[in-house]
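Chemist: First to last, the sequence lines map onto chains A and B.
Position 14, counted from 1, in the first sequence is what the UniProt record's numbering calls 14; the numbers after and before it change by one each time, with no gaps.
Position 2, counted from 1, in the second sequence is what the UniProt record's numbering calls 2; the numbers after and before it change by one each time, with no gaps.
There are 2 protein chains.
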Amino acid sequence: MKLLEIIKSLSNETRLNILEWLKDPFNHFPEEELSEYTPELGVCVSDIAKKAGMSIPTVSDYLKTMSAANILIATRRGQWTYYRRNEKSIQELSEFIKNKL
Amino acid sequence: MKLLEIIKSLSNETRLNILEWLKDPFNHFPEEELSEYTPELGVCVSDIAKKAGMSIPTVSDYLKTMSAANILIATRRGQWTYYRRNEKSIQELSEFIKNKL
DNA sequence: CAGGTATTTAGATAATTACCTAAATTTGTA
DNA sequence: TACAAATTTAGGTAATTATCTAAATACCTG
Chain A
1 MKLLEIIKSL
11 SNETRLNILE
21 WLKDPFNHFP
31 EEELSEYTPE
41 LGVCVSDIAK
51 KAGMSIPTVS
61 DYLKTMSAAN
71 ILIATRRGQW
81 TYYRRNEKSI
91 QELSEFIKNK
101 L
Chain B
1 MKLLEIIKSL
11 SNETRLNILE
21 WLKDPFNHFP
31 EEELSEYTPE
41 LGVCVSDIAK
51 KAGMSIPTVS
61 DYLKTMSAAN
71 ILIATRRGQW
81 TYYRRNEKSI
91 QELSEFIKNK
101 L
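(1) Note down the Cα distance separating B:Ser46 from B:Gln79, rounded to an integer number of angstroms.
(2) Could you tell me which chain B residues have their CB closer than 9 Å to the CB of A:Leu101, listed as they occur along the chain?
(3) Following the continuous beta strand (DSSP E) through B:Ile73, name the residue where it begins and the one where it ends.
(4) Since B:Ile90 and A:Leu93 should fall inside the 8 Å C-beta cutoff, what is the C-beta to C-beta distance between them, to a whole number of angstroms?
(5) What are the start and end residues of each continuous beta strand (DSSP E) run of 3 or more residues lying completely inside the UniProt domain "HTH arsR-type" (1-101) of chain B, in chain order?
(6) Give me the chain B residues within the contact set of A:Lys98, using Cβ-Cβ distance strictly less than 7 Å, ordered along the chain.
(7) On a Cα-Cα basis, can you pick out the residue from A:Ser9, A:Asn70 and A:Ala74 that is closest to A:Glu40?
(8) Is the beta carbon of B:Met66 less than 8 Å from the beta carbon of B:Thr14?
(9) When you compare the CB of B:Ile7 with every CB in chain A, is at least one pair closer than 8 Å?
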C-alpha cells in the first residue's frame, strides 16, 4: 500500500471523476459505445477520453497513473485497453485511512 | 466533504507525515518541547517545522492547507498556534472512500 | 510602549503536474 | 503485407505546487 502514490493518483478532478464514472459505466457512458463492455473488462480509453472531454493521450496517461497506483485494473483486449476499478484496493485505502493514517 | 481539496491537502509526503506524527505527539516530538502540550490543543507550528526539517513558513502553509481542508484543527493560544488532527473528518474521509467514491 | 518570540503573508524561483500535438507502436484485417 | 484503428510514448508549454528568505503581524511582558 503506497499511500502517497495512491493519493497522488487521486489528486486531480478528472481522475477522481473517472473513478466515479467507472463505478457505474452504464450510467455514464453511452450504451452504444459500450458494445464491448463487460464488467469483467471495464471501459476503453477513447470512451473515457470522450466523456472527460480531454485528449486521448492525456487520459491514457491518467489511466496509466491510476493503474500504477493499483486503483484501476487494465486489460488489453486486441487493440483496446479496458480499465475498471480495483475495488479491493479502494477498500484497502479506506481501511488504511481509518486505522493507520 | 470537499474530496478533492482533502486529497490535495494529503498529496505531499511531509503533510502526510505531519498527520501521522500528530496521531501520537508524545512519540514524535521531544517532551520538553511539548511542555504546553495538551491533547486539547495539539502541537505548535515551530515544533512541527523542526521535526519536519523544513522552514517555518513552509510548514505554516502546509498546516493552513490541511486545516482549510478540515483535516487538522488549529487553535491559537497566545502567540502559538496549535494544530491537532480532526479525527472526525479523517473518519468521514475513510467512509466516503468506502461508500461513495 | 519597546523588545522579543511565534506565526503569517509576500514575493521569488525551482520542481512538478497538466495536458496538448505529433510520432511511434500494437493489433486486427483485407 | 499494407492499411486502419486504438493506444502509448515523446516532447513541449502552461499552470500549479514546493519551498525558501524577507517583511509584516500578533501577542506577551517588563
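Just so you know, even glycine gets a beta-carbon here, dropped at the ideal spot from N, CA and C.
Being a predicted model, the structure only gives us computed values, none of them experimental.
Modeler: Taking the definition as stated:
(1) Their Cα atoms are separated by approximately 11 Å.
(2) Per Cβ cutoff of 9 Å: Leu10, Leu16, Leu19, Glu20, Lys23, Ile90, Leu93 and Ser94.
(3) Taken as a continuous stretch (DSSP letters only), the beta strand (DSSP E) holding B:Ile73 covers Leu72 to Arg77.
(4) Between B:Ile90 and A:Leu93 a beta carbon distance of about 13 Å is seen, past the 8 Å cut, so the two are scored as non-contacting.
(5) The qualifying runs are 72-77 and 80-85.
(6) Contacts between A:Lys98 and chain B, judged by CB atoms closer than 7 Å, involve Gln91 and Ser94 in chain order.
(7) Comparing Cα positions, the closest option is A:Ala74.
(8) No, Cβ-Cβ distance for B:Met66 and B:Thr14 is not below 8 Å.
(9) Yes, its Cβ sits closer than 8 Å to a Cβ of chain A.
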